[in-house]
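Take the sequence shown: its position 114, counted from the start at 1, is 114 in the UniProt record's numbering, and no numbers get skipped. For each residue, glycine too, the CB sits at the ideal point set by N, CA and C. Just so you know, these numbers come straight off a predicted model, no measurement behind them.
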Amino acid sequence: MGPVTVINGDIKASRKMQRMERYEWQLFMKSTIVQLNEQYSELIEAPFMITKGDEFQGVIRRMSDVDRIICKIEQLIYPLQVRFGVGYGNIHKMGSKIPIEMDGPAFHRASEALNTAKQKKRFVWFSTGDDRFDLAANTIYLLIFAIKSKWRKNSFTRYWKYKEMGTYERVASSEGVSAQAVWDTLHQARAIEVIEAEKAIEALLKQRENFYLL
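This is how it looks when you write it as structure tokens:
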């Protein structure tokens, strides 16, 4: 088996929640994980699982699918925010297809990446063993989330719908508003630039993944 990608996640500032509120969000988190595993089963090598408290982990087959997974988790878990550590490399299976019974460089890198994301207050951090690639990927995500940090709920909602539906008119029809209103929201939020940056990061990941597989 070739290299795979491990994604570690942690709910941002979850320890500041009140006890009952945290309990409710943890149930919400479990529901999110179930939906993610069902929707992206064909991309997943080992299903996403909650590992401890507010952290979760999963293994996907291709690094080029990282952005799809991160964006879907971001959508499903909203308004909670999640920090992600992404590790790429080989893994060792110990007779099971669940992450907690696996080990290897990809897991170590994902754990280190999540710790770095917390320390640097970043939302996404890559650790692949290639410093130049990691710098490029981490910088793109830094800029993406710098833009997203200014968004309100309406910006996120129309951004997700636009990515799914593909046109301003379809989003507008689903909301009973004008296409101009949708255009205004997305352009004022710089959401179109975010989507272009997401396409760039996906292409970068695919290019690097193909290089590793040569």
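Which value, in whole angstroms, describes the spacing of the CA atoms of residue 168 and residue 188? Per the coordinates, the alpha-carbon of residue 168 lies some 14 Å from the alpha-carbon of residue 188.
Could you check the C-alpha separation between residue 133 and residue 208 for me, to the nearest Å? The C-alpha of residue 208 is placed about 8 Å away from the C-alpha of residue 133.
Leaving out the 5 sequence neighbours to the left and right, which residues in its chain are closer than 8 Å to residue 106 when beta-carbon positions are compared? Excluding residues up to 5 positions away in sequence, 3, 4, 5, 6, 59, 87, 88, 89, 90, 91 lie with their Cβ nearer than 8 Å to the Cβ of residue 106 in the same chain.
Taking buried to mean at least 16 other C-beta atoms within 10 Å of its own C-beta, is residue 139 buried or exposed? By the 10 Å Cβ count, residue 139 comes out exposed.
Identify the continuous beta strand (DSSP E) that holds residue 83 and give its terminal residues. 82-89 is the span of the beta strand (DSSP E), which, as asked, contains residue 83.
Identify every run of the alpha helix (DSSP H) within the region 26-79, keeping only runs that are complete inside it and at least 4 residues long; order them along the chain. Runs of the alpha helix (DSSP H) spanning 4 or more residues and lying entirely within the region 26-79 occur at 66-77, in chain order.
Look at the alpha carbon of residue 183 and the alpha carbon of residue 64, and state the distance between them as a whole number of angstroms. Answer to the nearest angstrom: the Cα atoms are 29 Å apart.
By DSSP, does residue 149 sit in helix, in strand, or in coil? For residue 149, the three-state secondary structure derived from DSSP is coil.
Looking at the structure shown, is residue 116 part of a helix, part of a strand, or coil, going by DSSP? In the structure shown, residue 116 sits in a helix (DSSP, three-state: H, G or I).
From the DSSP output, read off the bridge partner residues of residue 125. The bridge partners DSSP lists for residue 125 are 85.
Look at residue 84 and residue 34 and say whether their C-beta atoms are less than 8 Å apart. In this structure, residue 34 does not lie closer than 8 Å to residue 84 by Cβ.
Distance CB(residue 204)-CB(residue 137) smaller than 8 Å: Yes. Within cutoff.
Residue 4 - containing beta strand (DSSP E), residue span: Residue 4 -> beta strand (DSSP E) spans 4-11.
Given this structure, state the Cα-to-Cα distance separating residue 127 from residue 76, to the nearest angstrom. Roughly 25 Å separates the two Cα atoms.
Out of 113, 152, 46, 68, state which residue places its alpha-carbon closest to the alpha-carbon of residue 93. Comparing Cα positions, the closest option is 46.
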